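S.K.:
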Amino acid sequence: MSSVAPELPSCGPGGWGLGEDVAAVRRVLEVGDEPTVVVAHSYGGIVTAEAAAGVASVRHLLLISSYLPEVGQGLSDFGGESPAPFLDVDLDAGTFGVRPELLVDTFLHDCDVDVRAEAVDHLVRQSVRVIGQPVGAAAWQDVPSTYLVCSRDRGTPARSQQEFARKAGRVVELDAGHHPFLSRPVEVRDLLLDL
1 MSSVAPELPS CGPGGWGLGE DVAAVRRVLE VGDEPTVVVA HSYGGIVTAE AAAGVASVRH
61 LLLISSYLPE VGQGLSDFGG ESPAPFLDVD LDAGTFGVRP ELLVDTFLHD CDVDVRAEAV
121 DHLVRQSVRV IGQPVGAAAW QDVPSTYLVC SRDRGTPARS QQEFARKAGR VVELDAGHHP
181 FLSRPVEVRD LLLDL
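Right, here's the structure in full:
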């Protein structure tokens, strides 16, 4: 099974928004006509909602601890009145990111020590532009989808995931934190192969 993980333009310098993220993922999806399973994680569910809409080769969506927006919703529709405590928002720079000192406890508490040590080197800030931009499509409404609820996720609590999961065709729960592809890769692989 081959896979492609496109870089999202909103991550890193540049100030790009949701539209550029959608375009980057859609370019990858439109390259071939092989039946494709799109895996979306966390914010990726917002990107995928629009990017995978109407792409004939997309046969299934696997949503992992992911936001699942309706048309017209964006990331800001799923947060509270203030940023989550694990986020650092710098409005002057126009970016936000995970606070490095809270990364492990919030997102990687169930991962091996080696994964934890390496993860901080992969943190990048993201443009605040993605927060208020709504999606123009909701692929999960037309494409068969499976939602993987991560029951020990401290970033996106299981109760929030379960609300999103009600919209998906199939729900699977895994005793894992926010990044099950790092902490429970065999189970995630098996789920993918079963789709």
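Numbering of the sequence shown is given in the UniProt record's numbering, commencing with residue 1 and proceeding in unit increments.
Glycine included, C-beta positions come from ideal geometry on N, C-alpha and C.
Quick caveat, the model's predicted, so the values are computed rather than measured.
Applying the 10 Å Cβ sphere with the 16-neighbour rule, what's the burial state of P141?
M.R.: On the sequence shown, residue 141 is found 141 positions in, with the first residue counted as 1. In the sequence as displayed, the identity of residue 141 is Gln instead of Pro. So Q141 counts as exposed.
S.K.: For V25, which residues of its own chain have a beta-carbon under 7 Å away from its beta-carbon, when the five flanking residues on both sides are left out?
M.R.: Here residue 25 refers to the residue found at position 25 when the sequence shown is read from its first residue. These residues qualify, in order along the chain: P6, V47, T48 and A51.
S.K.: Do V31 and R59 have their beta-carbon atoms positioned less than 9 Å apart in this structure?
M.R.: The residue labelled residue 59 in the question sits at position 59 within the sequence shown. The residue labelled residue 31 in the question sits at position 31 within the sequence shown. No, Cβ-Cβ distance for R59 and V31 is not below 9 Å.
S.K.: Looking only at its chain, what residues have a beta carbon closer than 6 Å to the beta carbon of G72, apart from the 5 residues adjacent to it on each side?
M.R.: Start at 1 with the first residue of the sequence shown, and residue 72 comes out as number 72. Within the same chain, G72 has close Cβ partners P134.
S.K.: Which ranges does the beta strand (DSSP E) cover as unbroken runs of at least 3 residues, wholly within the segment 89 to 145, from first to last along the chain?
M.R.: 95 to 98
S.K.: If the criterion is Cβ atoms closer than 9 Å, does the pair L62 and L182 meet it?
M.R.: Reading the sequence shown from its first residue, position 62 is the one you call residue 62. Reading the sequence shown from its first residue, position 182 is the one you call residue 182. In this structure, L182 does not lie closer than 9 Å to L62 by Cβ.
S.K.: So, with DSSP's three-state summary, where would you put A53?
M.R.: As a first step, residue 53 is located in the sequence shown; it is residue number 53 there, counting from the start. Three-state DSSP puts A53 in coil, outside helix and strand.
S.K.: Please name the residue, chosen from D175, G132, D88 and A53, that lies closest to S76 on a Cα-to-Cα basis.
M.R.: Mapped onto the sequence shown, residue 76 falls at position 76. The shortest Cα separation from S76 among D175, G132, D88 and A53 belongs to G132.
S.K.: How many angstroms separate the CA atom of S10 from the CA atom of V186?
M.R.: Working through the sequence shown from its first residue, we reach residue 10 at position 10. Working through the sequence shown from its first residue, we reach residue 186 at position 186. Taking the straight line from one Cα to the other gives about 30 Å.
S.K.: Among the residues of its own chain, which have a CB less than 7 Å from the CB of H179, if the five just before and after it don't count?
M.R.: To locate residue 179, count along the sequence shown from 1; it is residue 179. Once the five neighbours on either side are set aside, the close Cβ partners of H179 are F107, L108 and C111.
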